[in-house]
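In our numbering, the protein residues as written are 289 to 592. For every residue, glycine included, the Cβ atom is placed at its ideal position computed from N, Cα and C. Just so you know, these numbers come straight off a predicted model, no measurement behind them.
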């Protein structure tokens with residue numbers, strides 16, 4: 289099992305005493321216990337465990353110290369596979385993969401700097417939407433082949449980003465009426481934003497389409513997100529059969545929450561109201577339960 293790197297921290301005696309610094313060489317940066325090659329070759333479970341431990345370490349370090357810079361850099365390196373995973377979903381877009389990875393890395397850095405482990409949400413759950421959002425913004429801000437007034441571009445971006453956030457809250461694509469209420473816009477403004485969005489690469493795979501054939505103005509995902517995909521229902525068959533024996537080992541509340549969310553297709557808010565807790569408690573319970581199930585599944589795969 290990989291141990292958390294032991295870090296050197298810079299001396300602070302001179303600052304405490306007010307003494308002038310000596311002519312000695314400055315405090316060196318901490319010596320890494322793990323090379324970049326070792327970090328990249330770690331298994332998922334091992335990397336996640338080390339990453340969680342390093343996030344706890346970051347919370348107790350001075351942001352200006354060499355130790356903080358090293359730990360932060362190690363966390364970023366450990367989680368670079370998330371960037372490559374997200375970037376692979378955009379490989380058919382009209383951009384170099386290196387550019388997409390670079391933009392995704394910016395999203396990863398934002399996720400590392402904004403993550404709070406005390407909130408009870410796994411870093412993976414927090415980071416993937418952050419990285420994906422950064423890449424989507426890159427395409428939205430640079431992919432207007434038809435000249436559209438800046439105000440209309442901004443309106444479209446506001447509607448599109450609001451749609452992404454609201455989809456996470458609702459567990460489904462929001463309707464134009466829900467978007468108007470959430471963004472404090474009029475229905476006409478939402479319609480104008482969606483109309484401007486149809487000019488966004490309207491002839492390419494990057495265009496945002498509608499998931500509802502009866503309402504083409506209802507916001508939907510990019511066409512490329514629908515191409516070359518496997519039938520997720522088939523994946524669920526294998527997943528459910530693998531998870532079924534593990535569900536019987538869960539506590540009653542954990543099993544109820546998990547079944548309601550993924551088998552009953554209910555939102556976290558609906559589940560929270562049913563069992564009499566807050567939505568945040570449901571989110572934490574789901575994260576913890578899924579984490580244990582994932583580890584048990586990985587252990588079974590490694591033993592197979």
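Top-ranked residue by Cα proximity to residue i, from the options
{"i": "residue 370", "options": "357, 352, 394", "result": "394"}
{"i": "residue 480", "options": "465, 470, 461, 440", "result": "440"}
{"i": "residue 341", "options": "366, 543, 476, 399", "result": "366"}
{"i": "residue 420", "options": "449, 443, 460", "result": "449"}
{"i": "residue 584", "options": "407, 414, 533, 416", "result": "533"}
{"i": "residue 454", "options": "549, 407, 417, 582", "result": "417"}
{"i": "residue 428", "options": "350, 330, 445, 391", "result": "445"}
{"i": "residue 346", "options": "333, 360, 368", "result": "360"}
{"i": "residue 424", "options": "413, 407, 469, 376", "result": "376"}
{"i": "residue 276", "options": "350, 368, 357", "result": "It is not possible to answer for residue 276, since the shown part of the chain is limited to 289 through 592."}
Local Cβ density within 10 Å of residue i, reported as buried at 16 or more and exposed below that
{"i": "residue 384", "result": "exposed"}
{"i": "residue 559", "result": "buried"}
{"i": "residue 459", "result": "exposed"}
{"i": "residue 563", "result": "exposed"}
{"i": "residue 373", "result": "exposed"}
{"i": "residue 548", "result": "buried"}
{"i": "residue 475", "result": "exposed"}
{"i": "residue 318", "result": "Note that residue 318 scores 43 on pLDDT, short of 50, meaning its location in the model is unreliable and no value can be drawn from it."}
{"i": "residue 462", "result": "buried"}
{"i": "residue 339", "result": "buried"}
{"i": "residue 392", "result": "buried"}
{"i": "residue 442", "result": "exposed"}
{"i": "residue 336", "result": "buried"}
{"i": "residue 483", "result": "exposed"}
{"i": "residue 540", "result": "exposed"}
{"i": "residue 362", "result": "buried"}
{"i": "residue 302", "result": "Any reading at residue 302 must be qualified, since the residue scores a pLDDT of 42, below 50, and its modelled position is unreliable; the value itself is stated next. With fewer than 16 Cβ atoms within 10 Å of its Cβ, residue 302 is classed as exposed."}
First and last residue of the uninterrupted alpha helix (DSSP H) at residue i
{"i": "residue 338", "result": "332-347"}
{"i": "residue 447", "result": "438-458"}
{"i": "residue 550", "result": "No alpha helix (DSSP H) holds residue 550; DSSP gives it neither H nor E."}
{"i": "residue 356", "result": "354-366"}
{"i": "residue 464", "result": "464-471"}
{"i": "residue 391", "result": "385-402"}
{"i": "residue 558", "result": "556-563"}
For residue j and residue i, believed in contact at Cβ under 8 angstroms, the rounded distance
{"i": "residue 389", "j": "residue 364", "result": "No, residue 389 and residue 364 are not in contact; Cβ-Cβ is about 13 angstroms, not under 8 angstroms."}
{"i": "residue 451", "j": "residue 473", "result": "Between residue 473 and residue 451 the Cβ distance is about 12 angstroms, and since that is not below 8 angstroms, they are no contact."}
{"i": "residue 575", "j": "residue 410", "result": "5 angstroms"}
Cβ of residue i within 7 angstroms of any chain B Cβ
{"i": "residue 483", "result": "In the displayed structure, chain B is absent; only one protein chain is listed."}
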